[in-house]
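Counting in the working numbering, the sequence shown runs from 85 upward without gaps. All C-beta atoms, glycine included, are put in the ideal place defined by N, C-alpha and C. Given the structure is predicted, the values throughout are model-derived calculations rather than measurements.
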Amino acid sequence: MNGQEREKAKTKQSIPLWGRLMMVLVLVVGVFFLRQYIYALEEERQSQGSNGLEYAPSVSSDHPALQYFETANPGRDIFLACEEDLTDDGLKDLVVVYHNPEEGRLNWMVALLNQGNGTYVITHPTRAPIENQAIRFFNMDKEGEMEFVITGEKDGEVGYAIYRIIDGELIDLFGEDMEDCC
Ligand SMILES: [Ca+2]
Ligand SMILES: [Ca+2]
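Structural data, given as structure tokens:
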């Protein structure tokens, strides 16, 4: 034990009983308010519609990233374009679900990665659900890049997959029945 540690041990021992009781009281009150806070959050979540799931809204058609996509890929039908910072660099990126009318019954999804100078890097297209597409952003591992889940249908078959940007591309982390709905 060096001098500093001995000093610390002494401080610990010298906390009087009332001090320890005060600490317990503060802890109990703290836990009480934390629980109230969590209940309030939960209530708010439940009041926000079906299953508490909040799907990302589509951006408006004059959104700069969407216009960038349409300039690079003219003539596509846009089903969904949702904004979030996927790369954890403080710049909003855009996920676009679209259809090329020159193709058959196929939909595609890309992400536009914001370069911060008015330009975007467009990821390689990956297959997307045919109908009722919805995207929900969330942070799966509580750090770094945002993940998102895309769900959709094809002829009543429902599927979903979870994606993250890895090395500048949309990577499918896992999913279920995507082949039935894409
Ligand atoms: Ca970003
Ligand atoms: Ca994450």
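7 Å Cβ shell around E260 - same chain, five flanking residues per side excluded | Here residue 260 refers to the residue found at position 176 when the sequence shown is read from its first residue. Answer for E260: G243, Y244, listed in chain order.
Out of L150, A156, G200, point me to the one whose CA is closest to G174's CA.
-> Within the sequence shown, residue 174 is the residue found at index 90, counting from 1. With distances taken between Cα atoms, G174 lies closest to G200.
Specify whether the region 245-257 and the region 225-234 touch according to this definition: at least 3 beta carbon pairs, one from each stretch, less than 8 Å apart.
-> yes
Alpha-carbon spacing of G240 relative to E215, whole angstroms = Locating residue 240 in the sequence shown gives position 156, where the first residue counts as 1. Locating residue 215 in the sequence shown gives position 131, where the first residue counts as 1. Going by the C-alpha atoms only, they are around 9 Å apart.
From what residue to what residue does the beta strand (DSSP E) around Q217 run?
-> Stepping through the sequence shown from its first residue, residue 217 is reached at position 133. Taken as a continuous stretch (DSSP letters only), the beta strand (DSSP E) holding Q217 covers 215-222.
Reference L197, options Y152, V110, Y139, I122, closest by Cα = Stepping through the sequence shown from its first residue, residue 197 is reached at position 113. Closest option to L197, Cα to Cα, is Y152.
Limits of the unbroken beta strand (DSSP E) element including E237 | Residue mapping note: residue 237 aligns to position 153 of the sequence shown, counting from 1. Where E237 is concerned, the enclosing beta strand (DSSP E) stretches over 231-238.
Determine the closest residue to H147 out of Y204, I255, G103, M262, with distance taken between C-alpha atoms.
-> Within the sequence shown, numbered from 1, the residue matching residue 147 stands at position 63. Nearest of Y204, I255, G103, M262 to H147, Cα basis: Y204.
Exposure of F222, with buried meaning 16 or more beta-carbon neighbours within 10 Å = On the sequence shown, position 138 is the one that residue 222 refers to. With fewer than 16 Cβ atoms within 10 Å of its Cβ, F222 is classed as exposed.
Over what stretch of residues does the alpha helix (DSSP H) that includes E263 continue unbroken?
-> The residue labelled residue 263 in the question sits at position 179 within the sequence shown. First-last of the alpha helix (DSSP H) with E263: 262-265.
Secondary structure of Y247, DSSP reduced to three states | As a working note, residue 247 is residue 163 in the sequence shown. Here Y247 sits in strand by DSSP.
Please find out if some non-hydrogen atom of ligand 1 comes closer than 7 Å to the beta-carbon of L277.
-> Residue 277 cannot be examined here, being either before or after the span of the chain that is shown, 85 to 266.
T65 beta carbon near ligand 1 (any heavy atom closer than 7 Å) | No information on residue 65 is available, as it lies outside the stretch 85 to 266 that the chain covers here.
Starting from A149, follow the alpha helix (DSSP H) in both directions and report where the run begins and ends.
-> Start at 1 with the first residue of the sequence shown, and residue 149 comes out as number 65. Unbroken alpha helix (DSSP H) run through A149: 148-156.
For T210, is the beta carbon positioned less than 7 Å from some heavy atom of ligand 1?
-> Reading the sequence shown from its first residue, position 126 is the one you call residue 210. Result no, Cβ not under 7 Å from ligand 1.
Count the other CB atoms, across all protein chains shown, that sit within 10 Å of the CB of P141; report buried if there are 16 or more and exposed otherwise.
-> Here residue 141 refers to the residue found at position 57 when the sequence shown is read from its first residue. The residue is exposed, with fewer than 16 neighbouring Cβ atoms inside 10 Å.
In angstroms, rounded to a whole number, what distance separates the CA positions of V110 and T155?
-> Locating residue 110 in the sequence shown gives position 26, counting from the first residue. Locating residue 155 in the sequence shown gives position 71, counting from the first residue. Between V110 and T155, the C-alpha separation is close to 59 Å.
Leaving out five residues on either side along the sequence, give the residues of the same chain with a beta carbon under 8 Å from the beta carbon of E237.
-> Residue mapping note: residue 237 aligns to position 153 of the sequence shown, counting from 1. These residues qualify, in order along the chain: P213, I214, E215, N216, G243, C265.
Between the CA atoms of Y182 and L150 - distance to the nearest angstrom | To locate residue 150, count along the sequence shown from 1; it is residue 66. To locate residue 182, count along the sequence shown from 1; it is residue 98. Taking the straight line joining both Cα atoms gives about 11 Å.
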